[in-house]
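Novice: Just passing along the structure, written as structure tokens.
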Amino acid sequence: MKWLKSWAFAAVPLIGIVELGAHIAQVRGVTPDSDWAAAKAAVSSEAKPADLVAFAPRWVDPIGREKFGGDLATLEREAPGDVTRFPRAFEVSIRGAHEEDLSRWKKTNEQKFGAVTVTTLENPDYRPTLDDLVADLNPEQAMASRADASGESACNWVVANAQTGNLGFGPAIPARRFECGGTHVGVSVVADMDYYPHRCIYAPPPGGNSVLRIKFANVLFGDVLHGNHGLYVEAERSRTGSPISITFSVGDKKIGKATHQDGDSWKGFEFSTGDMKGQRGDLIAEIASANGNRRMYCFEAITR
Amino acid sequence: MSAKTEKPKALATKAAAEEVDWKELLTFPEKIGWRDHVVGFSIAAIYAAILIVTARTLGFARDEGFYFSAGSSYARWVEMLFHETSRALERSTVDGVWGQNHEHPSLMKLLFGLSHLWLHEKWGLFQDASTAFRFPGMAMSGMALWVTYLFGARVFSRRAGFIAAVLLGAMPQLFYNAHLACFDAPIMAMWLFAVYIYFRSVKEGGLWWAIAFGVAYGLTLDTKHNAWILPAVFIPHAFFVQRKAIAKNLVLGRVIVPTNLVTMAILGPLVTFALWPWLWSDTAARVQEWFNFHLHHTYYNMEFLGKNYYDAPSPRAYMPVLIVASVSGITLVLFFIGAFDRLRAMFFRFVTIVEKDGDTATTLPSEGNKSPIVEDKTEADILLFLALCAPLAVFLIPTTPIFGGTKHWLPAYPFLAMLAGHGFDMVADKADSAISRYTKAIPRRELIHGALIACVLIAPIAETAHSHPFGLSAYVPTIGGTAGGADLGLNRQFWGYTTQSTDPWFEKNGRPGARVFILDTTGEAWSRMQEEGRMRKDLRAVGSPSEADFSLVQHELHMNEVDYQIWEAYGHTDPAYVLAHDGVPIISIYKR
Chain A
11 MKWLKSWAFA AVPLIGIVEL GAHIAQVRGV TPDSDWAAAK AAVSSEAKPA
61 DLVAFAPRWV DPIGREKFGG DLATLEREAP GDVTRFPRAF EVSIRGAHEE
111 DLSRWKKTNE QKFGAVTVTT LENPDYRPTL DDLVADLNPE QAMASRADAS
161 GESACNWVVA NAQTGNLGFG PAIPARRFEC GGTHVGVSVV ADMDYYPHRC
211 IYAPPPGGNS VLRIKFANVL FGDVLHGNHG LYVEAERSRT GSPISITFSV
261 GDKKIGKATH QDGDSWKGFE FSTGDMKGQR GDLIAEIASA NGNRRMYCFE
311 AITR
Chain B
136 MSAKTEKPKA LATKAAAEEV DWKELLTFPE KIGWRDHVVG FSIAAIYAAI
186 LIVTARTLGF ARDEGFYFSA GSSYARWVEM LFHETSRALE RSTVDGVWGQ
236 NHEHPSLMKL LFGLSHLWLH EKWGLFQDAS TAFRFPGMAM SGMALWVTYL
286 FGARVFSRRA GFIAAVLLGA MPQLFYNAHL ACFDAPIMAM WLFAVYIYFR
336 SVKEGGLWWA IAFGVAYGLT LDTKHNAWIL PAVFIPHAFF VQRKAIAKNL
386 VLGRVIVPTN LVTMAILGPL VTFALWPWLW SDTAARVQEW FNFHLHHTYY
436 NMEFLGKNYY DAPSPRAYMP VLIVASVSGI TLVLFFIGAF DRLRAMFFRF
486 VTIVEKDGDT ATTLPSEGNK SPIVEDKTEA DILLFLALCA PLAVFLIPTT
536 PIFGGTKHWL PAYPFLAMLA GHGFDMVADK ADSAISRYTK AIPRRELIHG
586 ALIACVLIAP IAETAHSHPF GLSAYVPTIG GTAGGADLGL NRQFWGYTTQ
636 STDPWFEKNG RPGARVFILD TTGEAWSRMQ EEGRMRKDLR AVGSPSEADF
686 SLVQHELHMN EVDYQIWEAY GHTDPAYVLA HDGVPIISIY KR
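Here it is in structure tokens:
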């Protein structure tokens with residue numbers, strides 16, 4: 011014991027050496043390009059368009075997108091409404107990380123390519139998508155209008171340059187969009203309060219008595235209308251804005267209404283459409299808010 | 136013959152005398168003196184030289200652009216002061232020039248500007264204008280190491296001072312900040328300098344040291360507003376040191392204030408006022424404006440443990456977690472050893488006094504029953520801990536903004552390093568006593584000391600060298616390095632300074648005249664990078680991804696929103712290139 015006390019000081023230089031060793035190991039522990047390339051080859055040979063490809067941890071996503079390319083790292087995969095619509099996922103991970111949203115999925119395969127692990131997972135609750143409103147937002151399948159006490163005016167479909175800006179600009183105003191006199195309806199990508207991306211229909215409500223109305227033609231219904239909605243992070247994080255409601259209806263029949271309060275972030279909703287299962291019809295979404303100030307609202311929905 | 140024999144004898148005697156002189160010259164007496172300044176200066180010069188040599192590989196932080204501009208104006212005003220004095224002193228001229236960037240005091244910007252004017256424009260000492268602008272900050276950082284050595288040598292030992300100086304320089308995030316034409320490394324240096332001069336004023340006594348301290352405090356106040364906190368160090372300490380005299384005078388119905396506090400209160404503001412012409416008019420209102428700006432500062436976005444903070448309250452864990460994540464593990468181990476020893480010593484001294492006399496108020500002073508050495512050590516310990524804790528304590532207040540990361544508590548680091556130096560002394564002493572059982576041979580002990588020094592310095596130096604030029608992204612092995620920091624969700628950078636590191640990619644891949652969206656990099660910083668050949672001159676900066684052929688995203692959590700804009704505008708998610716440090720994304724370049 012006395013001997014141990016006398017030589018306890020040696021722990022300090024030892025810590026210094028161990029720290030140096032750890033530093034060298036960490037610096038040399040970078041995933042080589044060859045591992046990414048091998049993982050990409052494996053995923054591209056197996057992944058189908060409907061499958062999810064996700065990178066873990068989230069911070070490695072830019073490198074994943076760079077190495078896998080846009081054909082695998084598509085907008086739909088990178089910015090999903092949620093993961094429930096994918097039957098299968100390829101989780102491409104380093105450092106033993108896992109995507110939390112896939113934690114309940116069933117692992118069916120795992121392949122290691124050096125430092126990169128590709129895990130194949132199956133969605134235990136998968137129900138096929140029948141119709142996707144985001145995909146339907148085009149002049150052939152949808153029309154938008156702005157309605158208030160004085161009447162309803164149709165929004166014009168335009169194809170112009172996308173509008174973007176610096177920090178604080180909010181989601182890009184897409185090139186292909188309905189122009190609705192001070193507001194617009196188009197597909198963009200919104201950052202939620204965790205800064206996660208979601209591809210959705212960017213439709214800021216004008217506020218007051220005005221309602222933004224979007225009619226999706228010939229939608230195929232299933233058991234439910236399932237979706238999510240939210241605002242651009244900086245528009246809702248101070249929690250001072252007016253709530254936003256979205257009401258879905260078919261003809262005179264109201265399917266459901268969801269309300270988004272500031273601070274809800276990206277929030278799901280689901281309404282039963284079982285009585286219309288297998289039928290087609292025009293689905294109307296009405297978006298309203300008492301005050302339109304910085305209501306940078308975005309929603310997405312599918313039928314299944 | 137005899138004359139012939141006498142002459143070489145005389146020469147030999149002279150040579151021997153010279154030899155003795157050299158020995159004396161190189162022998163350090165017990166008292167700290169000029170030799171220690173030579174050591175301190177050497178450390179400072181080496182550090183500043185390393186900063187100068189590595190400056191060109193470090194891009195410009197957004198605030199530097201504002202300070203380059205303000206500094207240039209201030210320097211031109213100084214020239215005007217010599218040539219057109221009355222015009223320079225007109226209120227309209229003073230306000231026009233010094234109104235620029237008046238939310239921060241003048242000293243460093245003035246030095247940046249004068250350095251640029253003289254060392255770049257007039258004398259051509261620095262080829263890059265930016266290096267000339269940055270030089271005063273680098274010199275200040277070198278000075279911080281010098282003072283750390285001296286302070287550590289005086290309070291603990293020369294060995295402790297040396298270890299402290301090197302450990303301070305080998306802090307990756309300080310090394311980054313030490314390069315910049317900003318105020319964070321300089322305020323660390325000035326904070327330390329003011330505390331050191333105060334320490335000398337306490338030890339040496341006399342009016343001149345008190346005056347020197349008042350001036351030092353004024354210069355610190357004119358460096359950055361962190362100096363507002365410094366009275367929280369000096370006032371309690373000065374009252375502790377003078378408690379006996381204060382108590383005696385109180386009994387006689389007199390209130391006395393320590394001289395150095397008087398000079399601090401009078402000379403400090405006067406020096407700041409004299410060197411900051413913006414305060415020369417509407418002084419009270421402008422001082423109020425200065426305070427208001429910082430007391431109600433806009434919050435910035437900052438990632439901590441995976442969450443983006445943008446408003447109060449700040450998480451209390453922020454400062455301690457970032458210290459553990461960004462200061463080398465061995466430095467912190469030595470700090471804890473040294474700090475524990477000094478706290479224990481203070482505690483036992485306090486307990487002994489209470490037990491012996493029952494009343495600390497009357498017996499804490501050196502009543503003669505305690506040796507002056509112990510009394511000195513207690514005073515020094517209290518000063519070190521106050522100077523260490525004051526800058527850190529601010530970050531435990533929930534209303535203190537989270538923005539800015541580690542740079543805002545840099546003033547604590549010299550004191551952390553000094554206590555680490557003392558920790559090293561303790562380890563080395565233990566090594567001595569353990570080894571002395573086996574050998575008394577001095578050379579062998581010196582060898583072991585050398586090996587010990589190498590063991591504790593090599594990791595911090597290696598980590599700091601490797602962190603450049605991504606100092607803000609780099610985290611220490613304790614938390615798994617840069618990738619460990621990313622796993623934990625710690626901020627990766629700010630101020631858009633990493634843009635310059637994309638130049639090699641643009642050299643190969645950017646088409647002539649391409650438009651580049653530069654996101655967090657200011658137009659001023661971009662232009663200067665192009666002027667100095669750090670970025671291709673034909674590339675044009677634009678204000679949005681839609682206007683650009685290439686778009687940059689400097690990866691911070693809250694910058695993700697720009698990634699998503701680009702995905703939509705460009706129709707794809709894959710960057711053409713991702714610049715990474717230790718496998719962690721720093722900047723993505725998207726190609727339209």
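Residue numbers (our numbering), protein chains in the order written: chain A, 11 to 314; chain B, 136 to 727. Beta carbons: idealized from backbone N, C-alpha and C, even for Gly. It should be emphasised that the depicted structure is a prediction, and the values quoted were computed from it without experimental measurement.
Using a Cβ-Cβ distance under 8 Å, would Val350/B count as near chain A?
Specialist: no
Novice: Quick one: Cα of Ile532/B to Cα of Ala452/B, how far?
Specialist: 11 Å
Novice: Would you mind reading off the limits of the alpha helix (DSSP H) that contains Asp171/B?
Specialist: 169 to 189
Novice: Within 10 angstroms of the Cβ of Lys12/A, are there 16 or more other Cβ atoms? Answer buried if so, exposed if not.
Specialist: exposed
Novice: Consider the Cβ of Ser723/B: report whether some Cβ of chain A lies at a distance smaller than 8 Å.
Specialist: yes
Novice: Tell me Val688/B's beta-bridge partners as DSSP assigns them.
Specialist: In the DSSP secondary-structure assignment, Val688/B is bridged to Ser723/B.
Novice: What does Pro182/A reach in chain B if we use C-beta pairs closer than 7 Å?
Specialist: Correcting the residue type first, residue 182/A is Ala in the shown sequence and not Pro. Correct list: Gln700, Glu703, Ala704.
Novice: Unbroken beta strand (DSSP E) runs of length 3 or more, entirely within the region 419 to 505 of chain B: which are they?
Specialist: 437 to 439, 442 to 444
Novice: Just grab the DSSP bridge partners of Ile256/A for me.
Specialist: Ala268/A, Ile297/A
Novice: Please list the terminal residues of the continuous beta strand (DSSP E) segment that includes Pro207/A.
Specialist: 207 to 212
Novice: Return the residue from the list Pro149/A, Thr94/A, Ser160/A that minimises the CA-CA distance to Pro134/A.
Specialist: By alpha-carbon distance to Pro134/A, the top candidate from Pro149/A, Thr94/A, Ser160/A is Thr94/A.
Novice: Sorted by chain position, which residues of the same chain lie with C-beta nearer than 8 Å to Leu285/B's C-beta, five sequence neighbours on each side aside?
Specialist: Ile167, Asp171, His172, Gly175, Gly296, Tyr331
Novice: Of all Cβ atoms in chain B, is any one closer than 8 Å to the Cβ of Glu76/A?
Specialist: yes
Novice: Take every Cβ of the region 264 to 283 of chain B, pair it with every Cβ of the region 244 to 253 of chain B, and state whether three or more of those distances are shorter than 8 Å.
Specialist: yes
Novice: What does the alpha-carbon distance come out to for the pair Leu30/A and Tyr610/B?
Specialist: Leu30/A and Tyr610/B have their C-alpha atoms spaced approximately 13 Å apart.
Novice: Below 8 Å on the Cβ atoms is my contact criterion, and I expect Val53/A with Phe100/A to pass it. Report the Cβ-Cβ distance as a whole number of Å.
Specialist: 5 Å
Novice: Is the CB of Ala600/B under 8 Å away from at least one CB in chain A?
Specialist: no
Novice: Exposed or buried, what is Asp198/B when buried is set at 16 or more other beta-carbons lying within 10 Å of its beta-carbon?
Specialist: buried
Novice: Suppose you measure from the CA of Gly349/B to the CA of Tyr548/B; what does that come to, to the nearest Å?
Specialist: When only Cα atoms are considered, Gly349/B and Tyr548/B end up about 23 Å apart.
Novice: Taking only heavy atoms of the ligand ATP into account, decide whether any of them is closer than 7 Å to the Cβ of Ala89/A.
Specialist: This structure simply doesn't include the ligand ATP, nor any ligand for that matter.
Novice: Going residue by residue through the region 110 to 188 of chain A, where are the continuous beta strand (DSSP E) segments of at least 3 residues, counting only ones entirely within it?
Specialist: 116 to 123, 126 to 132, 152 to 158, 161 to 164, 166 to 169
Novice: Mind checking which residues open and close the beta strand (DSSP E) that includes Phe100/A?
Specialist: Looking at the DSSP string, the run of the beta strand (DSSP E) that includes Phe100/A is 98 to 103.
Novice: Is DSSP giving Arg197/B helix, strand or coil here?
Specialist: helix
Novice: Counting contacts by CB-CB distance shorter than 8 Å, is Ile25/A in contact with chain B?
Specialist: yes
Novice: Residues of chain B with a CB under 7 Å from the CB of Thr41/A: which are they?
Specialist: Gly718
Novice: Pick helix, strand or coil for Pro287/A, following the three-state DSSP scheme.
Specialist: First, the amino acid is wrong: residue 287/A is Lys here, not Pro. In the structure shown, Lys287/A sits in coil (DSSP, three-state: anything other than H, G, I, E or B).
Novice: Following the continuous beta strand (DSSP E) through Arg223/A, name the residue where it begins and the one where it ends.
Specialist: Per DSSP, Arg223/A belongs to the beta strand (DSSP E) from 221 to 230.
Novice: Taking DSSP as the reference, what is the three-state secondary structure of Tyr333/B?
Specialist: helix
Novice: Assess contact between the region 332 to 340 of chain B and the region 571 to 579 of chain B, defined as three or more Cβ pairs (one per stretch) separated by less than 8 Å. Is contact present?
Specialist: no
Novice: Are Thr41/A and Val128/A touching if we call contact CB-CB under 8 Å?
Specialist: no
Novice: Against chain A, with Cβ distances strictly below 8 Å, would Glu502/B count as a contact?
Specialist: Only weak support exists for where Glu502/B lies, its pLDDT of 39 falling under 50; the value from the coordinates is given anyway. Output row for Glu502/B: interface = no.
Novice: How about Gln628/B and Ile724/B: do their beta carbons lie closer than 8 Å?
Specialist: no
Novice: Is the beta carbon of Thr130/A closer than 8 Å to that of Arg98/A?
Specialist: yes
Novice: Mind checking if Gly565/B is an interface residue toward chain A, Cβ cutoff 8 Å exclusive?
Specialist: Position check: residue 565/B holds Lys in this sequence, whereas Gly was assumed. At least one beta carbon of chain A lies nearer than 8 Å to the beta carbon of Lys565/B.
Novice: If we cut at 8 Å on Cβ distances, does Asn176/A have a partner in chain B?
Specialist: yes
Novice: So Asp141/A and Val229/A are supposed to be a Cβ contact under 8 Å. How far apart are they, rounded?
Specialist: 5 Å
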